[in-house]
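Novice: One structure is given below, represented as structure tokens, and several questions about it will come after.
Number of protein chains: 2
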Amino acid sequence: MATITSVETIDLRFPTSLDASGSDAMNPDADYSASYVVIHTDGTDARGHQLTGYGLTFTIGRGNDIVCAAAQEYGNRLVGCDVDQMAADMGGIYLHLASDSQMRWLGPEKGVVHLALSAVMNAVWDLAGRLAGKPVWRLLAEMTPEQLVDIADLRYLADVLPRERALEILQQAEAGKAERIADLEAAGYPAYTTAAGWLGYSDEKMLRIIAEQEQLGFTAVKLKVGANLDDDIRRCTKAREAIGAHRPLMIDANQIWDVPTAIRWVNALKQFDLKWIEEPTSPDDVLGHRKVRDAVAPIGVATGEHCHNRVMFKQFLEAGAMDYCQIDAGRLASVNEILAVLLLAAHFEVPVCPHAGGVGLCEMVHHMSMLDYVAVSGSYEGRLTEYVDSLHEYFVHPVKVANGRYQVTGDPGYNTEMTQAAIDEFSFPDGSYWASVR
Amino acid sequence: MATITSVETIDLRFPTSLDASGSDAMNPDADYSASYVVIHTDGTDARGHQLTGYGLTFTIGRGNDIVCAAAQEYGNRLVGCDVDQMAADMGGIYLHLASDSQMRWLGPEKGVVHLALSAVMNAVWDLAGRLAGKPVWRLLAEMTPEQLVDIADLRYLADVLPRERALEILQQAEAGKAERIADLEAAGYPAYTTAAGWLGYSDEKMLRIIAEQEQLGFTAVKLKVGANLDDDIRRCTKAREAIGAHRPLMIDANQIWDVPTAIRWVNALKQFDLKWIEEPTSPDDVLGHRKVRDAVAPIGVATGEHCHNRVMFKQFLEAGAMDYCQIDAGRLASVNEILAVLLLAAHFEVPVCPHAGGVGLCEMVHHMSMLDYVAVSGSYEGRLTEYVDSLHEYFVHPVKVANGRYQVTGDPGYNTEMTQAAIDEFSFPDGSYWASVR
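Line by line, the protein sequences are chains A and B.
Sequential numbering from 27 applies to the first sequence in the numbering used here.
Sequential numbering from 27 applies to the second sequence in the numbering used here.
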């Protein structure tokens, strides 16, 4: 028996702009940040520890306080909830939060309020995992198809994915589930790295990191592009030489182009045998992505880190506008909405290759890739989940990668608890780091 | 010579939920609110008054403080700007605000940050109008096609509306401009009313208001629908009887349905000869709107009050998913983005019928309808701008309607200045009204 006693939000900002990590054509000076949510209860977990849920969404600096304010608004709606009842109806608690019509008006289901809903529901999922003493991916993997379809947010999807079709996909994935879980525990889930590719890095730094990452088993590389075509040709040339002819090389323009520019620019890089162009234009431009896709094939089009909800993913998938579906664990409103997108992608047979990096995105999203493999698509053929080796030291139970793959950690919850040291140093504006530079 | 000295944001909330005005299937208890922005300068206007700009966006209660916080973030970027320079380059100041990449991440170009950008830029436009001593619509109407295309936000539109095409539309509208201005001054711009149609109203109240509005010259009526089909059939029957066979009757579902439900429900109301079904489903569901449109013709599909930016309007227009384009003066990022949507709509020959009501939306958007008529589409054939007779008493220069038409007021600026009495009473949470009920 446990009740939620309070919900706390903390604005955490890391000064990543200082070394240009995270720099791309659209975002030259990102300070990677977390809108961090802590759900306090009066209960204890299976091990007798205080039962607490931790969640977050990711932003890049200014405005992180605004997301925290919105998360606090949702969090206040949780105070007094019974934790067991909540964990028994994770679809219900999600709808309870999502149905605040006054907050909904500010999206709806997009932008700050949706990021905030994600942060709060991520903490709710962490809490549910801790209550059960299981990692979130396993908590989900052990649910029946009926239980899973009940937590998926299928609102507005009925014309493409009625409940019966969602159930059918989940039922089909029942076969071989135990083998896939064993496979994950033994080998992990395939990943690729963006560590080398930031636009602000020198060629030397890029090549050094590619070599380092290769030692860690990462054989695919992604580069940021879009500021200067000559630079992009030079960087792609060097990266392709470094990794060899047959390994995946991807590029990411972070929305910097309009459609005609995207087509021209990507075709000028065709010689490098690219697996995908990521975010070639506005994340809202469904039909524009389709035009780019038609014009740059066989290079695939990848997008999704700014695709703001399941309804937008429905557009991209139905319009044939994406080859790779890049869900984001802080942009979509937690497991409930991600599961709906995994089902949509399975229905349209488009591989899910999640966005990660940022703060805590790797921690959360590897659970979702494992869920996809175990219980939805049943495959990791052609799939790669992003990995960036930064800021993991601020998590109590960070993700583990080995041989270029995300490993099963076994930690109860969503791997989202941050260290007290991180909070003390990087709370904004009063943490010790920010106090020292103002 | 004037410089912006400070920008102030004020959270204003009106307790409209008390009498169910504003109630619809999705939003049962809206407290109509304004995220209100005041730009202070050290200069004076043409009449020797203190030069100040006033702007706002509209929300429905909780979270209005969050929009104000985001508006303050943008507003701070204006402090120190030279007002004359700004007014001479209204495209430049817009891009300066829109290009904050850290804030952009929280949308991009949607949700809270976009509402906030709208509120701030609406105040900038009000300031520019006051500086020139002209209403905003006239300030714009007197610009050359080249000047107009320079202020329009055409980013991400090039595949559909390249700059040359936008310029061509504006140049074509030069013919007859003076006659259209004279026509507006004499007759005004056609409007319709939603005053009768709120879902929380009794049939008697609905019919009484329809009769009152008819006395004021409003011959078209819009009803909220979507909570209960039997109720909707009864209300439509009574409304159609009251207005007669040949006058426009529209319905508005405020996003309550999925696509199959929308098609079934609207077709069950076909006998009432409806002009349009507004917001049948999620405002992000471009392809879903197309399906609804195909299935309910000849009833038109109207949407746009939650269509979050010009790129989304591009989707709807290119996909053939809307018959009526309902721009919103607080959802789109001010004149700069609205002008881009007016141009898109003209290109696709779709009539613009703006959303209004709320707080201050009528005040702002009638300028945009007049701009459309004078300088873009050149026509009000088939076009109607929404009007709701509420909360105008809180504006210093409220809109005027006569004979069912928005009248030219002649007041310099954007009609967005609110009264000190409104601020004193309805500031949240410390205004006299809110203090009295807590």
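Cβ atoms here follow ideal geometry from the backbone N, Cα and C, with glycine treated the same way.
Assuming Trp302/A contacts Val285/A (C-beta within less than 8 Å), just tell me the rounded distance between them.
Specialist: Reading the first sequence from its first residue, position 276 is the one you call residue 302/A. Reading the first sequence from its first residue, position 259 is the one you call residue 285/A. At roughly 17 Å, the Cβ-Cβ gap does not stay under 8 Å, so Trp302/A and Val285/A are not in contact.
Novice: Taking CB distances under 9 Å as the criterion, tell me whether Ile119/B reaches chain A.
Specialist: Sequence index remark: in the second sequence, residue 119/B carries index 93 (1-based). It does not; no Cβ of chain A falls within 9 Å.
Novice: Quick check: the Cα distance between Phe374/B and Gln341/A, rounded to an integer number of angstroms?
Specialist: Along the second sequence, one-based indexing puts residue 374/B at 348. Along the first sequence, one-based indexing puts residue 341/A at 315. Taking the straight line joining both Cα atoms gives about 21 Å.
Novice: Anything in the region 328 to 358 of chain A with a Cβ closer than 8 Å to a Cβ of chain B? List those residues in chain order, please.
Specialist: Listed in sequence order: His332, His334, Asn335, Val337, Met338, Lys340, Gln341, Glu344, Ala345.
Novice: May I have the straight-line CA-CA distance separating Asp415/B from Asp37/B, to the nearest angstrom?
Specialist: As a working mapping, residue 415/B is identified with position 389 in the second sequence. As a working mapping, residue 37/B is identified with position 11 in the second sequence. Cα to Cα, Asp415/B sits roughly 22 Å from Asp37/B.
Novice: Count the other CB atoms within 10 Å of the CB of Pro380/B; is the residue buried (16 or more) or exposed (fewer)?
Specialist: Here residue 380/B refers to the residue found at position 354 when the second sequence is read from its first residue. Buried, because 16 or more other Cβ atoms sit within 10 Å of the Cβ of Pro380/B.
Novice: Taking a Cβ distance cut-off of 8 Å, strictly less, list which residues of the region 288 to 300 of chain A are near chain B, in chain order.
Specialist: Per Cβ criterion, the list is empty.
Novice: Hey, could you find the ends of the beta strand (DSSP E) Pro216/B is sitting in?
Specialist: Here residue 216/B refers to the residue found at position 190 when the second sequence is read from its first residue. Where Pro216/B is concerned, the enclosing beta strand (DSSP E) stretches over 215 to 219.
Novice: For the candidate residues Thr29/A, Asp71/A, Asn90/A, Gly74/A, whose alpha-carbon lies nearest to that of Phe454/A?
Specialist: By 1-based counting over the first sequence, the position of residue 454/A is 428. For the residues Thr29/A, Asp71/A, Asn90/A, Gly74/A, the minimum Cα distance to Phe454/A belongs to Asn90/A.
Novice: Using a Cβ distance threshold of 8 Å, determine whether the region 448 to 463 of chain A contacts the region 188 to 205 of chain B, with at least three qualifying pairs required.
Specialist: Short answer: they don't touch.
Novice: By Cβ distance, which residues of its chain are closer than 6 Å to Leu153/B, with the 5 residues on each side in sequence left out?
Specialist: By one-based count along the second sequence, residue 153/B stands at place 127. So the list reads Ile65, Gly79, once near-sequence residues are dropped.
Novice: What do you get for Ser395/A, buried or exposed, if any count of 16 or more other CB atoms within 10 angstroms of its CB means buried?
Specialist: Reading the first sequence from its first residue, position 369 is the one you call residue 395/A. Buried: at least 16 other Cβ atoms inside 10 Å.
Novice: Given 8 Å as the limit, tell me if Glu168/A has its C-beta closer than that to any heavy atom belonging to the ligand SAM.
Specialist: Inclusion of the ligand SAM in the displayed structure is not the case, the ligand content being empty and no account of it being possible.
Novice: So which residues of chain A does Asn23/B contact, with C-beta pairs closer than 9 Å?
Specialist: It is not possible to answer for residue 23/B, since the shown part of chain B is limited to 27 through 464.
Novice: Measuring only the C-alpha atoms, how far is Asp185/A from Asp68/A?
Specialist: Position 159 of the first sequence, counted from the start, is the residue given in the question as residue 185/A. Position 42 of the first sequence, counted from the start, is the residue given in the question as residue 68/A. Taking the straight line from one Cα to the other gives about 43 Å.
Novice: Buried or exposed for Ser125/B, please, with buried defined as at least 16 other CB atoms from any protein chain shown within 10 angstroms of its CB.
Specialist: Walking along the second sequence from the start, residue 125/B turns up at place 99. Exposed.
Novice: Should Glu205/A go down as buried or exposed, given a rule of 16 or more other Cβ atoms within 10 Å for buried?
Specialist: Position 179 of the first sequence, counted from the first residue, corresponds to residue 205/A. When all chains shown are included, Glu205/A counts as exposed.
Novice: Checking contacts by CB at 9 Å: is Val93/A closer than that to chain B?
Specialist: Translated into positions along the first sequence, residue 93/A becomes position 67. Yes - at least one Cβ of chain B is within 9 Å of the one on Val93/A.
Novice: Applying the criterion that 16 or more other CB atoms from any shown protein chain within 10 Å of the CB defines a buried residue, is His272/A buried or exposed?
Specialist: Residue mapping note: residue 272/A aligns to position 246 of the first sequence, counting from 1. When all chains shown are included, His272/A counts as exposed.
Novice: Return the first residue and the last residue of the beta strand (DSSP E) that Gln433/B is part of.
Specialist: The sequence position of residue 433/B within the second sequence is 407, counting from 1. From DSSP, the beta strand (DSSP E) with Gln433/B extends over 431 to 433.
Novice: What's the C-alpha gap between Arg103/A and Ser32/A?
Specialist: Residue 103/A sits at position 77 when you count from the first residue of the first sequence. Residue 32/A sits at position 6 when you count from the first residue of the first sequence. If I take the Cα positions, the gap works out to 10 Å.
Novice: Would you verify that the beta carbon of Val138/B is, or is not, closer than 9 Å to some beta carbon of chain A?
Specialist: As a working note, residue 138/B is residue 112 in the second sequence. Yes, contact with chain A.
Novice: Would you say Pro309/B lies against chain A (beta-carbon separation less than 9 Å)?
Specialist: The residue given as residue 309/B occupies position 283 in the second sequence. So yes, Pro309/B belongs to the interface.
Novice: Report the CB separation of Ala60/B from Val385/B in whole angstroms; it is logged as a contact under 8 Å.
Specialist: Here residue 60/B is taken as the residue at index 34 of the second sequence, counted from 1. Here residue 385/B is taken as the residue at index 359 of the second sequence, counted from 1. Yes, Ala60/B and Val385/B are in contact; Cβ-Cβ is about 4 Å, under 8 Å.
Novice: Listed from N- to C-terminal order along the chain, which residues in the region 311 to 326 of chain B have their beta-carbon within a distance smaller than 7 Å of any beta-carbon of chain A?
Specialist: Residues Asp311, Val312, Leu313, Gly314, Lys317.
Novice: Please report the distance separating the alpha-carbon of Tyr58/A from that of Ile86/A.
Specialist: Translated into the one-based positions of the first sequence, residue 58/A becomes position 32. Translated into the one-based positions of the first sequence, residue 86/A becomes position 60. Roughly 4 Å separates the two Cα atoms.
Novice: Which chain A residues sit within Cβ distance under 8 Å of Ile86/B?
Specialist: Here residue 86/B corresponds to residue number 60 of the second sequence, with the count starting at 1. Near Ile86/B (Cβ distances below 8 Å), the residues of chain A are Ser127, Gln128, Trp131.
Novice: What are the start and end residues of the alpha helix (DSSP H) that includes Met232/A?
Specialist: Translated into positions along the first sequence, residue 232/A becomes position 206. Note, Met232/A: alpha helix (DSSP H), 229 to 241.
Novice: Can you list the residues of chain B that Tyr182/A reaches, using a CB-CB cut of under 7 Å?
Specialist: Within the first sequence, numbered from 1, the residue matching residue 182/A stands at position 156. What Tyr182/A touches in chain B: Asp284, Thr307, Ser308, Asp311.
Novice: Would a check of beta-carbon distances place Gln281/B closer than 9 Å to chain A?
Specialist: Here residue 281/B is taken as the residue at index 255 of the second sequence, counted from 1. It does; some Cβ of chain A falls within 9 Å.
Novice: Could you confirm whether any beta carbon from chain B is found closer than 9 Å to the beta carbon of Ala382/A?
Specialist: Numbered from 1 along the first sequence, position 356 holds the residue referred to as residue 382/A. Output row for Ala382/A: interface = no.
Novice: For Gly383/A, is the classification buried or exposed, using 16 other Cβ atoms within 10 angstroms of its Cβ as the cut-off for buried?
Specialist: The residue given as residue 383/A occupies position 357 in the first sequence. Gly383/A is buried by the Cβ-count criterion.
Novice: How would you list, in chain order, the residues of chain A whose beta-carbon sits under 8 Å from the beta-carbon of Gly89/B?
Specialist: For the purposes of this step, residue 89/B is taken as residue 63 along the second sequence, with counting starting at 1. Those within 8 Å of Gly89/B in chain A are Ala96, Glu99, Gln128, Met129, Trp131, Leu132, Val139.
Novice: Across which residues does DSSP place Tyr62/B in a beta bridge pair?
Specialist: Within the second sequence, numbered from 1, the residue matching residue 62/B stands at position 36. Partner(s): Ile36/B, Leu82/B.
Novice: Output, in sequence order along the chain, the residues in the region 184 to 203 of chain B whose CB is closer than 9 Å to any CB in chain A.
Specialist: Answer set for the region 184 to 203 of chain B: Ala184, Asp185, Val186, Pro188.
Novice: Would you kindly report the start and end of the unbroken beta strand (DSSP E) that includes Val150/A?
Specialist: Position 124 of the first sequence, counting from 1, holds the residue named residue 150/A. Here Val150/A belongs to no beta strand (DSSP E); instead the alpha helix (DSSP H) covers 137 to 158.
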